[in-house]
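Asks: Note that the protein sequences, when read in sequence, are chains A and B.
Heads up: the first sequence begins at 1 in the numbering used here, then just goes up one per residue.
Heads up: the second sequence begins at 1 in the numbering used here, then just goes up one per residue.
Just so it is clear, CB atoms sit at the ideal spot from N, CA and C, and this is done for glycine as well.
Before anything else, here's the structure in question.
2 protein chains.
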Amino acid sequence: MPELPEDLLDAIELGDVKAIARHLEELAPHEIAEELTRLDAVESALVWRVLPKDEALEVFEELDAATQQLVLSGMRDQAFRDLLERMDPDDRVRLLGEAPASFVKKVLAGLSPKERKMTAELLGYPEETVGRYMSPEVIVTPETSTVSEVLATIRKKGKTAETVAVLAVVDKQRRFLGSVDLTELVMADEDTLVSAITDPDASTALVTDDVESAARLLQDTNHLALIVLDTDNRVVGIFTVDDAIDIIEEANSEDFARQAASLPSSGHYLSGKVFTLARLRIVWLLFLIVAATLTVSVLQLFESSLEKFTALALFMPMLIGTGGNVGAQAATSAVRAIALGEVRPQDVLRVAWRESRVGLLLGVGLGLVGMVAGWLVASWQVGATVAIAILVVCMWAATVGAVMPLAAKAMKIDPAVISAPMVTTLVDATGLIIYFLVAGLILG
Amino acid sequence: MPELPEDLLDAIELGDVKAIARHLEELAPHEIAEELTRLDAVESALVWRVLPKDEALEVFEELDAATQQLVLSGMRDQAFRDLLERMDPDDRVRLLGEAPASFVKKVLAGLSPKERKMTAELLGYPEETVGRYMSPEVIVTPETSTVSEVLATIRKKGKTAETVAVLAVVDKQRRFLGSVDLTELVMADEDTLVSAITDPDASTALVTDDVESAARLLQDTNHLALIVLDTDNRVVGIFTVDDAIDIIEEANSEDFARQAASLPSSGHYLSGKVFTLARLRIVWLLFLIVAATLTVSVLQLFESSLEKFTALALFMPMLIGTGGNVGAQAATSAVRAIALGEVRPQDVLRVAWRESRVGLLLGVGLGLVGMVAGWLVASWQVGATVAIAILVVCMWAATVGAVMPLAAKAMKIDPAVISAPMVTTLVDATGLIIYFLVAGLILG
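The structure is reproduced here in structure tokens:
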């Protein structure tokens with residue numbers, strides 16, 4: 001990290017307006033946005049007062065929705081309306097999507113009729129659909145135009161469009177015929193008809209498509225934007241690669257949170273409230289601790305063995321810890337492979353067969369360590385018990401860990417809900433049963 | 001999933017060349033690539049024979065490096081050379097970066113002198129730097145050109161360039177002055193000097209910069225490409241947004257793997273060998289099981305208490321499971337927040353203070369469940385022991401889980417190495433100490 005942000009924070013603490021302005025000038029909008037999330041309401045109000053109007057908009061659009069709301073609530077009415085009026089419609093919808101109804105009302109009331117109509121329309125699409133993330137400001141051109149005519153249109157309307165990297169080509173009924181890249185346009189002869197360079201097989205998205213699928217389609221096809229259509233094949237908007245990156249990143253953050261049994265939170269780590277963080281985390285923890293009472297019941301079943309061989313208790317944490325780790329690895333790889341489209345529910349047998357062999361290999365290596373530990377601390381019988389239990393638990397954990405997310409997917413449940421901790425808890429209880437059964441066979 | 005891929009797989013199994021060709025026509029290149037990873041060597045050779053030459057290249061560039069090598073090893077020499085010659089230089093370097101030296105030699109020997117020089121140069125940059133991922137085929141224009149002259153250059157050289165979305169503007173010594181977007185060019189007057197629309201503050205990357213930082217810079221600034229410079233400020237290449245998405249995705253996949261204590265693997269889940277998977281997973285597992293012998297030693301210390309109160313053993317898995325889950329949540333959020341640049345090592349006290357309060361809230365909720373379980377199964381004293389131990393362990397686990405990745409970052413270690421299982425193992429051992437100390441106080 002350069003020292004600049006630190007200097008900025010110092011200047012803000014001192015309330016030195018000139019120094020703040022000087023430091024802001026040297027930072028890019030996304031860097032200023034980054035610093036803003038570290039400030040309290042009073043400090044951030046100071047920064048907004050100093051920021052030039054045009055840059056303020058750019059900085060604002062870089063903030064996450066939670067911080068945007070915080071900033072807006074500290075602004076005077078005129079500044080508030082100005083900022084919202086000049087936002088891109090898709091960014092504005094993202095902000096309003098997470099805001100309380102009273103806030104949405106206030107914003108809509110402050111907008112010009114044109115922007116209000118556009119925003120209300122986008123807000124009408126269900127959450128997580130392309131409609132919520134697209135921009136309606138797409139350049140549309142009839143198939144009968146020449147390249148020079150299209151370039152003239154771009155010159156006229158380009159400033160207000162979300163992007164001119166990709167244009168939609170339509171027939172007289174505004175039905176989509178294909179798309180054309182700006183690059184193709186520039187490289188073509190001026191008198192060429194646009195229909196000659198239109199790609200009729202260009203990937204598109206339906207306005208009600210899942211937005212993550214659309215983002216992954218952009219990623220897979222290496223395009224800069226997708227034209228968005230309604231069910232009548234009419235062009236309604238455009239979905240751009242910069243939004244796609246953010247959506248993929250957000251989906252990954254959600255999967256990370258879920259893999260650790262948290263509910264996903266939107267927004268910056270430092271700007272969330274402690275109580276909110278605890279709320280997002282405790283839901284699954286409560287489920288898991290209740291599920292973990294299963295381990296208490298299992299141990300009650302084998303309480304007499306435990307009383308006879310206290311040494312068995314010594315290895316319980318090591319055994320279930322190892323099983324849990326192996327299960328977590330398998331679950332995490334499976335969840336990730338499903339998210340990237342590498343594995344589908346039909347592959348379940350193939351995956352189970354792979355993972356059971358991986359588990360076997362792991363179990364041999366880890367079982368040896370367990371054998372040595374058991375032998376040294378207690379006896380060779382205990383060593384053998386620990387080793388065999390670890391071997392079986394590893395095979396079981398790897399297989400279960402990988403199959404559970406696939407099963408979830410087959411049942412139309414988000415596979416990421418099958419978190420590593422969930423697999424661990426299941427493996428804890430079943431692993432203890434395996435352990436005591438093996439102990440019964442060997443120790444009698 | 002549509003039925004098409006299934007039909008394709010059926011046709012391949014039957015060896016029906018006509019049906020294969022028909023199905024391939026209906027699939028996009030990235031869809032064909034997806035199917036190829038599911039085929040064995042013989043089947044995939046069949047697909048390559050049927051694929052038209054131009055499409056073959058597009059499909060090939062969509063494959064991951066491991067599958068690309070597999071495909072190439074099944075090709076005849078002429079087809080092999082043709083394909084490699086026509087690849088984009090940056091894609092070719094990605095492929096060679098993970099290949100054995102003999103393979104690299106064979107490829108370089110087969111290339112034309114021009115392509116060979118370009119490839120060898122890119123291969124000379126250290127792994128994980130921008131140099132390895134950029135394309136040298138960037139369009140460079142002198143500041144003295146007019147817009148119409150630049151557009152003429154694009155028409156002439158655009159076909160071979162990696163992208164024309166962003167162009168580099170240079171002085172007479174080919175030193176970088178700024179960049180200009182194709183959009184700006186198209187919207188400007190034909191006679192305007194390009195220097196008038198050049199953005200001198202455009203973000204750039206140094207050829208030796210870390211490639212993930214460059215990708216995140218593109219993401220943060222919403223640009224389509226970064227101009228890449230050497231230390232003399234000369235333009236050496238361009239780094240595009242489609243590569244940036246893949247790099248961010250790969251970095252996330254690595255973090256996912258590390259959070260589950262696996263070494264990151266490149267490549268498709270189904271195409272990796274079982275033995276390779278086991279090797280990537282066992283490294284950390286061995287470390288963790290050795291660390292887990294600490295729990296055995298801790299329990300040996302308290303063996304006499306365990307013999308007196310076997311009931312204590314019943315709650316061990318639940319207690320350490322809960323502590324592990326809380327620690328895993330905190331560690332995963334911290335790792336993610338660091339990766340996204342939301343938190344830095346200087347924030348450590350702020351983070352510790354936040355997490356200890358989150359842990360307290362979680363501990364109160366989860367401790368109540370533990371209390372009830374302990375009371376029902378054993379006695380109210382055991383219930384109180386379990387409840388207090390859970391409360392303390394939750395605070396400890398959340399704090400340690402979040403602080404460890406920050407400490408790693410401060411020591412220049414990749415924070416993702418502090419995996420959830422590592423935190424869990426640490427919390428297992430310390431949690432047991434807390435449990436038996438509390439038991440000693442309450443049960444005497």
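Nearest to A/A454 by CA position, among A/L277, A/D90, A/A19, is which residue?
Replies: The question about residue 454 of chain A has no answer, for chain A in this structure spans 1 to 444.
Asks: Assuming A/S102 is part of the alpha helix (DSSP H), what are its boundary residues?
Replies: 101 to 110
Asks: Along chain B, in chain order, which residues have C-beta atoms closer than 8 Å to that of A/E303?
Replies: T310, L314
Asks: Checking 8 Å against the spacing of the C-beta atoms, do A/P447 and A/A331 come in under that value?
Replies: The structure shown does not extend to residue 447 of chain A, since chain A is modelled only from 1 to 444, so the question has no answer here.
Asks: Could you work out which residues of chain B lie near A/H23, taking near to mean beta carbons separated by less than 8 Å?
Replies: Under the 8 Å cutoff, chain B gives no residues; its nearest Cβ is about 15 Å from A/H23.
Asks: Quick one: is B/I247 buried, meaning 16 or more other Cβ sit within 10 Å of its Cβ, or exposed?
Replies: buried
Asks: When the cut-off is 8 Å and only beta carbons count, does A/N233 lie next to chain B?
Replies: no
Asks: Let me check understanding here. Comparing Cα to Cα, which of A/L229, A/I320, A/L285 lies closest to B/V296?
Replies: Put simply, of A/L229, A/I320, A/L285 the residue whose alpha carbon is nearest the alpha carbon of B/V296 is A/I320.
Asks: Which class does B/I413 belong to by DSSP, given the choice of helix, strand or coil?
Replies: coil
Asks: Under the assumption that B/V228 contacts B/M134 (Cβ atoms under 8 Å), give the Cβ distance between them as a whole number of angstroms.
Replies: Contact flag correct, Cβ pair sits at about 5 Å.
Asks: Does chain B have any CB closer than 8 Å to the CB of A/G323?
Replies: Chain B contact via Cβ: absent.
Asks: If A/L167 sits next to A/V147, beta carbons under 8 Å apart, how far is it from one beta carbon to the other, in whole angstroms?
Replies: Not quite, the Cβ-Cβ distance comes to about 11 Å (not below 8 Å), so this is no contact.
Asks: Listed in chain order, which residues of the segment 258 to 270 of chain A have Cβ atoms closer than 8 Å to some Cβ of chain B?
Replies: Of all residues in the segment 258 to 270 of chain A, Q259, A260, A261, S262, H268, Y269, L270 have a Cβ within less than 8 Å of some Cβ in chain B.
Asks: So for A/R234, helix, strand or coil by DSSP?
Replies: strand
Asks: Is the CB of B/M1 under 8 Å away from at least one CB in chain A?
Replies: Unreliable placement is indicated for B/M1, whose pLDDT of 40 sits below 50; the coordinate value is still reported in the next sentence. Chain A, which has a Cβ nearer than 8 Å to the Cβ of B/M1, makes this yes.
Asks: Going by alpha carbons, who is nearest to B/W26 out of B/S305, B/A373, B/E55, B/E13?
Replies: According to the sequence as given, residue 26 of chain B is Glu; it is not Trp. Measuring from the Cα of B/E26, the nearest candidate turns out to be B/E55.
Asks: Mind pulling the chain A residues with CB within less than 7 Å of B/I154?
Replies: V186, M187
Asks: Is A/I320 close to chain B, meaning its C-beta is less than 8 Å from at least one C-beta of that chain?
Replies: yes
Asks: Please go through the same chain and pick out, in chain order, the residues whose beta-carbon is closer than 6 Å to the beta-carbon of A/A445, but skip the five residues on each side of it.
Replies: Within the shown structure, residues of chain A are numbered from 1 to 444, placing residue 445 of chain A beyond reach of any answer.
Asks: Please state the DSSP three-state secondary structure of B/R174.
Replies: coil
Asks: Can you say whether A/M1 is buried or exposed, counting buried as having 16 or more other CB atoms within 10 angstroms of its CB?
Replies: For A/M1, the predicted model reports a pLDDT of 40, less than 50, meaning its position is unreliable; a value from the coordinates is still stated below. Under this definition A/M1 is an exposed residue.
Asks: Can you tell me the Cα-Cα spacing of B/L177 and B/L206, whole angstroms?
Replies: 14 Å
Asks: Strictly below 8 Å CB to CB, what residues from chain B border A/Q219?
Replies: Contact note: A/Q219 reaches chain B through D242, I245, D246, E249, using a C-beta cutoff of 8 Å and chain order.
Asks: Please report how far the alpha carbon of A/E149 lies from the alpha carbon of B/V150, in whole angstroms.
Replies: 20 Å
Asks: If you draw a straight line from the C-alpha of A/E3 to the C-alpha of B/R81, how long is it?
Replies: Note that A/E3 scores a pLDDT of 49, beneath 50, so its modelled location is shaky; the value from the coordinates is reported in the next line. Roughly 50 Å separates the two Cα atoms.
Asks: For A/R258, is the classification buried or exposed, using 16 other Cβ atoms within 10 angstroms of its Cβ as the cut-off for buried?
Replies: Buried: at least 16 other Cβ atoms inside 10 Å.
Asks: Report the residue ranges of all alpha helix (DSSP H) runs contained in full by the segment 237 to 286 of chain A; include only those spanning at least 4 residues, in chain order.
Replies: 241 to 259
Asks: Take A/I289 as the anchor and find which of B/Q381, B/T425, B/G370 has the nearest alpha-carbon.
Replies: The shortest CA-to-CA distance from A/I289 to any of B/Q381, B/T425, B/G370 is the one to B/G370.
Asks: Whose CA, out of A/R132, A/T153, A/L376, lies closest to the CA of A/P142?
Replies: A/T153
Asks: According to the neighbour-count rule (16 or more other Cβ atoms, all chains shown, within 10 Å of its Cβ), is A/Q68 buried or exposed?
Replies: buried
Asks: Ignore the nearest five residues each way along the sequence and tell me which others in A/P345's own chain have a CB closer than 8 Å to its CB.
Replies: Around A/P345: L406, A407, K409, A410.
Asks: Taking beta-carbon pairs under 7 Å, can you tell me which members of the segment 395 to 406 of chain A lie near chain B?
Replies: none
Asks: Can you tell me where the beta strand (DSSP E) holding B/V140 begins and where it ends?
Replies: From DSSP, the beta strand (DSSP E) with B/V140 extends over 140 to 142.
Asks: Could you tell me whether any Cβ in chain B is nearer than 8 Å to the Cβ of A/I388?
Replies: no
Asks: What residues from the segment 42 to 76 of chain A come within 8 Å of chain B, judged by C-beta to C-beta, listed N to C?
Replies: The residues in question are E62.
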